[in-house]
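In the numbering used here, the protein residues as written are 1 to 281.
Below: the structure, in structure tokens.
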Ligand code: FAD
């Protein structure tokens, strides 16, 4: 196979069970065939996966891949996060995905969320140019944003603080992405904004997840998926067609890369990559 025509990366979450770990090892090995820039590993609210995120990251590096831990302050103090950064540097981590994160209800009380631009500032202050820092961007705008332009303003602040590139929340409208990139360019943001791609595999999960994170499922797509909600195979085939087309539009329109939300499953993302770039090596 040829290498992907744009840089790609894959996102995992830290598994909770032995079976989950075995599945993730298989997923990594299958997707490594597409020569990703890195595998990123999510970070649980309030530091709840601090150790498991770290352990998965170290396992990935030991398996010969580049790994990018997601990181947020959650309720943690500067010393804890500084120690984790030193640990990541020693383990050979090159990329960090810096986020504000969300605290689930009940954990909010005493701790205050630290915005991502402040975390980026902190990482640069503590570790200089050690890491390539990635941040989140929202083509359909973050659910708590004051306005479209204020959300872009804060993305700009993350870059001013030292971020190198952004990865977006997933979306199914290429127009929303290109309009967002244009709006960013108008205020001087010229760093790469890499589309986040979520394969379509399950109707109910997608609706629940999208409502929570503010991603829009276009009305036509909702109807098409709803019609296949009870036929998993038909939904997966249809979803593959839609998301392949979306990725093709994004690449043709100049997207600087693709970041796949794998949900720790290799088949849906692997089939997408195979449609886009040919079979793995
Ligand atoms: P911020 O950039 O801080 O923005 C949050 C909100 O505040 C926005 O509405 C923004 O407009 C506003 N804002 C930004 N900066 C300021 C400021 N300085 N002052 C006032 N307002 C401000 N969540 C997890 O818990 N774990 C993960 O691993 C994880 N990975 C993710 C990966 C990607 C690629 C993406 C897109 C999201 C991820 N999330 C994750 C979800 C993310 O944590 C939530 O969307 C969270 O609500 C916002 O995080 P942020 O880093 O975008 O926050």
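In this text, a Cβ means the ideal position worked out from N, Cα and C, and glycines have one as well.
Predicted model, so just to flag it, every value in this text is computed and none were measured.
Which of helix, strand or coil DSSP assigns to residue i
i: residue 70; result: strand
i: residue 167; result: strand
i: residue 210; result: helix
i: residue 43; result: coil
i: residue 132; result: strand
i: residue 12; result: strand
i: residue 259; result: strand
i: residue 197; result: strand
i: residue 96; result: strand
i: residue 63; result: coil
i: residue 138; result: coil
i: residue 203; result: helix
i: residue 238; result: helix
i: residue 88; result: helix
i: residue 34; result: helix
i: residue 161; result: coil
i: residue 172; result: coil
i: residue 113; result: coil
i: residue 120; result: helix
i: residue 151; result: helix
i: residue 49; result: coil
i: residue 187; result: coil
i: residue 77; result: coil
Any non-hydrogen atom of ligand 1 within 6 Å of residue i CB
i: residue 55; result: no
i: residue 95; result: no
i: residue 206; result: no
i: residue 43; result: yes
i: residue 154; result: yes
i: residue 100; result: yes
i: residue 164; result: no
i: residue 145; result: yes
i: residue 196; result: yes
i: residue 21; result: no
i: residue 215; result: no
i: residue 191; result: no
i: residue 116; result: yes
i: residue 265; result: no
i: residue 211; result: no
i: residue 51; result: no
i: residue 61; result: no
i: residue 81; result: no
C-beta contact flag for residue i and residue j at 7 Å
i: residue 37; j: residue 9; result: yes
i: residue 203; j: residue 225; result: yes
i: residue 99; j: residue 72; result: yes
i: residue 162; j: residue 114; result: no
i: residue 39; j: residue 24; result: no
i: residue 97; j: residue 68; result: yes
i: residue 247; j: residue 276; result: yes
i: residue 168; j: residue 214; result: no
i: residue 140; j: residue 159; result: no
i: residue 271; j: residue 240; result: yes
i: residue 89; j: residue 62; result: no
i: residue 55; j: residue 95; result: no
i: residue 127; j: residue 85; result: yes
i: residue 135; j: residue 185; result: no
i: residue 137; j: residue 81; result: no
i: residue 205; j: residue 157; result: no
Contacting residues, own chain, Cβ-Cβ under 6 Å from residue i (five flanking each side not counted)
i: residue 210; result: 217
i: residue 53; result: 14, 41, 43, 69
i: residue 93; result: none
i: residue 27; result: 264, 266
Cβ neighbours of residue i in the same chain (closer than 7 Å, five flanking residues each side left out)
i: residue 253; result: 174, 178
i: residue 47; result: 74, 75, 76
Closer than 6 Å: residue i CB and nearest ligand 3 heavy atom
i: residue 47; result: Ligands displayed in this structure: ligand 1; ligand 3 is not among them.
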